[in-house]
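These notes concern the structure reproduced below.
Below is the structure:
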């Protein structure tokens, strides 16, 4: 365990070989994580990574998780030995937690991490003298370079040799009389903290020195600019714009290769498999569904890579600090920034990270507005709609598409803040003043291994998370779209034969007519026509309506649903060229009965707004229910978000069409 941002999760990963999420801002670990480490040929240890805590006086739920493990020996994960991780340049603050843990009577090892930066920062430590003063084993480590891990394992093996003598004698404090009120207990904690810091200051004066001439680095000069109250926001906006430009520019070729690859594979499979229902299921159902989401992996991977570089460098912690003033104007604090930023990847862990917020009203508001942030599940919808309806061209060397992508991210953040402001005024709950305190870490050169692992885990999570819905929905859609009942459905081939003779159609034109009519009068067609009136005010036809309804479980299902639907019914207008077999080309070729395009600018903006605001993620609904322990707030959130989505999409369609 250790203070936030000391590298304890990185150390946990190094010992166990796991890949838990790490970050340069507090609140990443919100639950205890468990792994196993081989200490020697005959010994293996269960390693528990506890949420970060500044002291054993808990102020948030995740700190309670850590403290409950240490203070209840009936806990199933009560430790034999505790490893407290400190950061080499912040030893004074970190040692407060160490002294508290050791004084519980638990064998405690002190790990001083990030020692690879000691020379650069002008830091020197007399390790043996420090170990004697603390009466424990002190291990210097660098998880970036893998230093000190063997020594730490040896110390864990020999934990029974560690002294259990307390660091600080608080018997005088225990003898003093304190009241039972909250303020009196807080006064007792303050006096104990003062005693501990007196002890810490004394031993560090003898064992820890800093050459201030070396300590002055480039960091101070960069921070004056990057967290400036004006230029800091300008820099952040510029970085986001460049990232979004890169997403569209760098990923275009891989996307084309993937989509063309699926097309070729589907055609090859059609020639090898015997005709029948199974072949149709694979070629018209499963493959188009999987292709519809897989094609966006390059863009999502590029985005995750660039964001991971910012996190690894230490820049994102500056963004957290920068946003504190903005948050306060909308009824939140800087503590809400971490959940909101995390929501840009996935709302599920972001909602869980809100446990760090002590004030219930602020925590509830953060949980309710976090799903407005643009998560990875929205990206496929945004990317294909932007490519579909936003024209080519650029403004200030940034493409219109990148500007639109930036606008969608900004819109999600802006609506989250506006909703927080409204909820802060409407919710009649007592709210204590909250303060945001965060450490700003040093800038670091991102480790390629960490960046690659982060991108791999996030991309894998996106694909698996989407895939479990896509496979089931693709099979269901294929069945509904390939079967039907009634006179119109049963007479399609007879009608096609008559029309072919009248209009002298080719065999291919006749086949296309049968496919299109079979879809329209199938079970899926009737379902789509049935729900179309609900979404018609938004500019959606029955095929888009099916995609919207199918994606209530997960947003990313929208594209795979349309990919499957359009593969079932091939219109006459989509025959021919190689490029016209792509999902984008099929969407461009879609027309209404009056001959006008389905995907106009109005329809596209309507879809963007609907998916920006609608609550379409069952996993998020489940975690909100768990974190609020209330179906009431879960229902309010769903109705609020979906209502905003419907109204804004309808207004956009009527104004732009």
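Residue numbers (this note's numbering): 294 to 950. C-beta atoms are modelled at their ideal positions from N, C-alpha and C, and glycine is treated no differently. Everything numeric in this text was worked out from a predicted model, so none of it was measured.
Element boundaries [beta strand (DSSP E), containing residue i]
i	result
residue 403	401-406
residue 430	430-433
residue 786	Segment 785-796 is the alpha helix (DSSP H) holding residue 786; no beta strand (DSSP E) there.
residue 329	326-331
residue 380	375-380
residue 503	501-503
residue 844	First-last for residue 844: undefined, no H or E at that position.
residue 951	The chain is shown only over 294 to 950; residue 951 falls outside these bounds and no answer can be derived.
residue 811	Element bounds for residue 811: not the beta strand (DSSP E) but the alpha helix (DSSP H), 800-813.
residue 572	Counting along the chain, residue 572 falls outside any beta strand (DSSP E), though it belongs to the alpha helix (DSSP H) covering 570-573.
residue 418	416-418
First and last residue of the uninterrupted alpha helix (DSSP H) at residue i
i	result
residue 388	384-395
residue 338	Per DSSP, residue 338 belongs to no alpha helix (DSSP H); it is in the beta strand (DSSP E), 337-342.
residue 587	580-587
residue 536	524-543
residue 303	301-309
residue 660	653-662
residue 823	816-828
residue 635	630-635
residue 642	640-646
residue 445	442-450
Buried or exposed (CB count within 10 angstroms, at least 16 for buried), residue i
i	result
residue 309	buried
residue 346	buried
residue 395	buried
residue 684	exposed
residue 317	Per-residue confidence for residue 317 stands at a pLDDT of 45, beneath the threshold of 50, marking its modelled position as unreliable; no derived number is given.
residue 950	exposed
residue 302	buried
residue 791	exposed
residue 795	exposed
residue 457	exposed
residue 777	buried
residue 552	buried
residue 743	buried
residue 898	buried
residue 664	buried
residue 489	buried
residue 499	exposed
residue 741	exposed
residue 671	buried
residue 945	buried
residue 479	exposed
residue 686	exposed
residue 936	exposed
residue 557	exposed
residue 910	buried
Rounded Cβ spacing between residue i and residue j (contact assumed at less than 8 Å)
i	j	result
residue 916	residue 644	5 Å
residue 694	residue 541	5 Å
residue 253	residue 493	Given that the chain is displayed from residue 294 to residue 950, the structure contains no residue 253 and the question cannot be resolved.
residue 639	residue 610	Not really, about 20 Å apart at Cβ, beyond 8 Å.
residue 452	residue 400	5 Å
residue 578	residue 771	3 Å
residue 529	residue 625	Contact doesn't hold; Cβ gap of about 18 Å is too wide.
residue 356	residue 344	7 Å
residue 712	residue 641	Residue 712 to residue 641, Cβ: 19 Å. No contact.
residue 296	residue 390	6 Å
Interface flag, residue i vs chain B, CB-CB below 8 Å
i	result
residue 362	Protein chains in the displayed structure number just one, and chain B is not present.
Which ranges would you report for the alpha helix (DSSP H) in the stretch 683-748 if only whole runs of at least 4 residues count? 693-719
Does the contact criterion of 3 or more C-beta pairs under 8 Å hold for the stretch 826-842 versus the stretch 546-564? no
Any chance you could list the beta strand (DSSP E) runs of at least 3 consecutive residues sitting entirely within the stretch 853-928, in chain order? none
Counting Cβ pairs, one atom from each stretch, are 3 or more of them under 8 Å apart for the stretch 566-585 and the stretch 528-541? no
For the pair the stretch 897-904 and the stretch 641-655, tell me if three or more CB-CB distances fall below 8 Å. no
For the stretch 602-617 against the stretch 732-740, are there 3 or more C-beta pairs whose distance is under 8 Å? yes
The stretch 515-525 contacting the stretch 444-451, beta-carbon criterion three pairs below 8 Å: no
How do the stretch 909-925 and the stretch 881-895 stand: do at least 3 beta-carbon pairs fall below 8 Å, yes or no? no
Does the stretch 737-755 come close enough to the stretch 629-637 to have 3 or more Cβ pairs within less than 8 Å? no
With a threshold of 8 Å, are at least 3 pairs of Cβ atoms found where one atom belongs to the stretch 424-443 and the other to the stretch 403-413? yes
So does the stretch 689-708 actually touch the stretch 580-595, counting three or more Cβ pairs closer than 8 Å? no
Quick check: the stretch 780-789 against the stretch 799-817, are there 3 or more CB pairs under 8 Å? yes
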